[in-house]
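Chemist: Using full-length UniProt numbering, the first residue of the sequence shown is number 1, and each one after it goes up by one.
For reference, the structure I am asking about is given below.
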Amino acid sequence: MGFFFKSIESIAYERTSDLVEEFPTLVEEFLAKYPTKTEDEEFTKEWSKLEEKHARIGELLLQELFKLDGVECIDMPEVKDRRKLAVRNIQKLLTESDKTWDKVKAL
1 MGFFFKSIES
11 IAYERTSDLV
21 EEFPTLVEEF
31 LAKYPTKTED
41 EEFTKEWSKL
51 EEKHARIGEL
61 LLQELFKLDG
71 VECIDMPEVK
81 DRRKLAVRNI
91 QKLLTESDKT
101 WDKVKAL
C-alpha cells in the first residue's frame, strides 16, 4: 500500500518538476533582459521559447491529471484523499505557471 501512495504523490512531479521549477527563473531572466516589448528578432525568439515551455508545462500537468482520473478509489478513503491532494497540487502548479506567464504577456 505504501508504494501505491508514493506513486499517487509522485505522478505530478516525475516529468514536470524540472520544467515547473525552472520556469519562473527563465521568466525573470527574460524580463530583466527585456523590460519592454521590442520588435527585435532575439526578443521574438526568446518569447517563443518561453511560450513553448509554458504550453509544455500545461500539457504535461494536464496529462498527469488524466492519469489521476484513472486511479480507482472505491472503498479506499485514504487513497481518495491522496488523489485529491495530488490533483490540488497539480492545479496549483498550473495556476503558478499561468501567473508567471502572465508577467511576460503583460509586456
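Beta carbons: idealized from backbone N, C-alpha and C, even for Gly.
Buried or exposed, going by whether 16 or more other CB atoms sit within 10 Å of the CB of residue 1?
Modeler: As a working note, residue 1 is residue 1 in the sequence shown. Residue confidence for residue 1 is low, a pLDDT of 49 falling below 50, so the modelled location carries little weight; the figure read from the coordinates is stated next. Residue 1 should be labelled exposed.
Chemist: Answer yes if the segment 90-106 comes into contact with the segment 53-69, meaning at least three C-beta pairs across the two stretches below 8 Å, and no otherwise.
Modeler: Here the segment 53-69 makes contact with the segment 90-106; the two share three or more CB pairs at distances below 8 Å.
Chemist: Count the other C-beta atoms from every protein chain shown that fall within 10 angstroms of the C-beta of residue 100, then say buried if there are 16 or more, exposed otherwise.
Modeler: Numbered from 1 along the sequence shown, position 100 holds the residue referred to as residue 100. It is buried - the Cβ of residue 100 has at least 16 other Cβ atoms within 10 Å.
Chemist: Name the residue from 22, 84, 39, 75 whose alpha carbon lies nearest to the alpha carbon of residue 67.
Modeler: Walking along the sequence shown from the start, residue 67 turns up at place 67. The option with the nearest alpha carbon to residue 67 is 84.
Chemist: In terms of alpha-carbon separation, which member of 46, 16, 81 lies closest to residue 28?
Modeler: As a working mapping, residue 28 is identified with position 28 in the sequence shown. Ranking 46, 16, 81 by Cα distance to residue 28 puts 46 first.
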